[in-house]
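Please read the structure below before turning to the comments.
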Amino acid sequence: MKKTILCIGAGYVGGPTMAVIADQCPDYKVIVVDMNAERIAAWNSDELPIYEPGLDEVVRRARGRNLFFSTDVSSGIKEAGIIFVSVNTPTKTFGDGAGKAANLQYWEKTARDIVEHSGHDKIVVEKSTLPVRTAEAMHRILMANTKGLNFEVISNPEFMAEGTAISDLQNPDRVLIGAMETPTGQKALQEIIDIYSNWVPRERIKTTNVWSSELSKLVSNAMLAQRISSVNSISALCEQTDANIVDVSAAMGADSRIGSKFLRASVGFGGSCFKKDILNLVYLCEFYGLPEVAEYWEQVVKINDYQAKRFVKNIAARMFNTVADKRIAVFGFAFKADTGDTRESPAIAVSHLLLEEHAELAIYDPKALDEAKKDMKDAQGKIEYIDDPYEAVKGAHAIALLTEWKEFTEYDYVKIFELMEKPAFIFDGRNILDHKKLFEIGFNVYPIGQAAMSHLN
Ligand code: NAD
Ligand code: UGA
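Start counting at 1 in the sequence shown, then tack on 1450, and there's your number in my numbering.
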């Protein structure tokens, strides 16, 4: 093997990223370690810990050949020359900056582990999403070692999205690598370029200084989320004016300066990163004395919260101002389609708000039912978790569609209509259903940012 790469953190990013690197670079040995033994056992089994289209095949090809999953963090550190750190960096829930700043405790622990177990110089690569200038702190901790070792810190943020992680990793729009502008920093940069050059065209490998790289990741997520909040804010105006958000998005998106992606109105964005990364950006702006900038970005999160609340308010208003004791089938709990991940899913907020109104929930999701149970375990009220959508709608007054799973568009809605209480309501929080057809079947249909189709007035 040419070199040994270690990744600390075998989560949604560490696992798929390293599997693709191992698959594309057969002459590198890739070890992925995690302190969570259960997760590592799953990576070594036939039942991988995360669902991601295409992941099984990639892991099957490389595992045992040049891809290894282990709980032995210290041996991995000793052996590797390049260490990717892909641990979680959630929003801080305590102390100064609680609710906004990133909690870097897991991050710092890895730096200390690296110092403790290293016996030779290493390149440490920030794969996690981090506040700008984190590399400075990382470098200080690493260089405080008393063994005379040198560490180069590189920023290489990850831009993959869940549900498309493997194709994003195999064919990225860009790979971003930030390095210190010193001779040793530039040498380390070349080593990371060498890895990606195995499959990524050179012109898509962008290099910057470390700070631009760290900040570009936060801002990329903030910009994507900002587009969704912008469109969602306008969806509210569409509902008041008979404009149609789908047409408005298409018209805007046809302008090549705007572009068509990420303009889909929805019940709100979810996922483990958008909210946390924007709040982190807000915190950084406040920290650097830029309150106007902080306020600007904070509004993106506020509109997202507003959209979920607006969705539930609309449900109650349309259903004769009460959902108390009414069964509502929740179609989809994952934060987006093609993933079992429910972190920050709008379904969590919507479900809680519906329960506050004393609705009874029948939750169905093709991949995320177990996660839904965990998310809602402390919720007060009546919730059933049902693995058959036709069972979930039995006796329901309404369907609240919250995830854009393709299978929701393929159901037999005539049968579903028969199984439901009447009048039957559908609230399409993702605008994916054939609204006209549903209306003709007899449903009262309420999309996002489009005229309602109701038999009731
Ligand atoms: P995750 O929670 O799924 O995985 C992190 C893993 O790190 C966990 O399994 C945890 O046990 C492990 N870990 C934490 N501290 C450790 C330590 N000291 N030693 C060994 N293992 C340790 O998180 P994730 O979704 O993979 O995200 C990781 C980072 O990547 C975050 O900064 C996130 O913002 C960023 N990111 C995530 C995505 C995504 O789609 N999920 C995409 C791009 C970037
Ligand atoms: C997002 C980014 O797209 C990735 O580039 C980034 O690497 C990642 O965050 C991260 O840093 O974690 P992800 O959250 O996995 O990826 O999924 P997205 O496809 O971005 O969707 C996020 C949310 O926005 C989902 O709830 C999705 O349904 C919603 N969305 C997306 C909309 O409501 N409308 C859209 O037009 C697009």
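All C-beta atoms, glycine included, are put in the ideal place defined by N, C-alpha and C.
- Residue environment: THR1792 is assigned as buried (16 or more neighbouring CB atoms within 10 Å of its CB, all protein chains considered).
- Taking C-beta separations shorter than 8 Å and ignoring five residues to either side along the sequence, the partners of GLU1807 in its chain run VAL1762, ALA1766, THR1772, VAL1773 and ALA1774, following chain order.
- DSSP places ASP1563 within a helical segment (H, G or I) once states are collapsed to three.
- As DSSP reads the structure, VAL1773 sits in no beta bridge.
- In the DSSP assignment, GLY1514 falls outside any alpha helix (DSSP H), carrying neither H nor E.
- The region 1842-1861 makes contact with the region 1775-1784: 3 or more CB pairs, one atom from each, lie closer than 8 Å.
- Between LEU1639 and ALA1530 a beta carbon distance of about 18 Å is seen, past the 8 Å cut, so the two are scored as non-contacting.
- VAL1732 is the residue among PRO1873, PHE1893 and VAL1732 whose C-alpha sits nearest the C-alpha of ALA1548.
- No Cβ-Cβ contact shorter than 8 Å links ASN1730 with LYS1559.
- Under DSSP, the beta-bridge partners assigned to ILE1458 are VAL1483 and VAL1535.
- Scanning its chain for C-beta atoms nearer than 6 Å, with the 5 sequence neighbours on each side dropped, one finds around LEU1805 the residues ALA1829 and GLY1831, in chain order.
- Residue nearest to HIS1847 within the set PRO1839, LYS1865, LEU1869 and ILE1833 is LEU1869 (criterion: CA-CA distance).
- LYS1479 counts as buried, since at least 16 other C-beta atoms from the protein chains shown sit within 10 angstroms of its C-beta.
- Distances between the C-beta of ASP1484 and the heavy atoms of ligand 1 include at least one below 7 Å.
- Under a 10 Å Cβ-count criterion, VAL1864 is classified as exposed, with fewer than 16 other Cβ atoms of the shown protein chains found around its own Cβ.
- The shortest CA-to-CA distance from ILE1678 to any of ASN1621, ARG1714, ASP1788 and ASN1694 is the one to ARG1714.
- Per DSSP, reduced to three states, the secondary structure at ALA1848 is strand.
- At a Cβ-Cβ threshold of 8 Å, GLY1526 and ILE1471 do not count as neighbours.
- Using a C-beta cut-off of 8 Å, the region 1670-1687 makes no contact with the region 1637-1652, since fewer than three inter-stretch Cβ pairs fall below that distance.
- Taking the CA atoms as reference points, LYS1817 sits about 44 Å from MET1593.
- When the beta-carbon positions are compared, VAL1537 and SER1568 stay at least 8 Å from each other.
- Excluding sequence positions up to five before and after MET1451, its CB lies within less than 8 Å of the CB of ASP1477, TYR1478, LYS1479 and ASN1516, all in the same chain and listed in chain order.
- Counting only runs of at least 4 residues, the region 1772-1837 fully encloses the following alpha helix (DSSP H) elements, listed from N- to C-terminal order: 1796-1806 and 1819-1825.
- Around the beta carbon of THR1539, 16 or more other beta carbons lie within 10 angstroms, which makes this residue buried.
- Closest in C-alpha terms to SER1670, from the list GLY1790, ASP1825 and LEU1626, comes LEU1626.
- In the structure shown, ASN1606 adopts coil according to DSSP, grouped into three states.
- At least one heavy atom of ligand 2 sits closer than 7 Å to the Cβ of CYS1723.
- For ALA1548, the three-state secondary structure derived from DSSP is coil.
- By the Cβ test, the region 1749-1756 is not in contact with the region 1580-1590, since fewer than three Cβ pairs between them sit closer than 8 Å.
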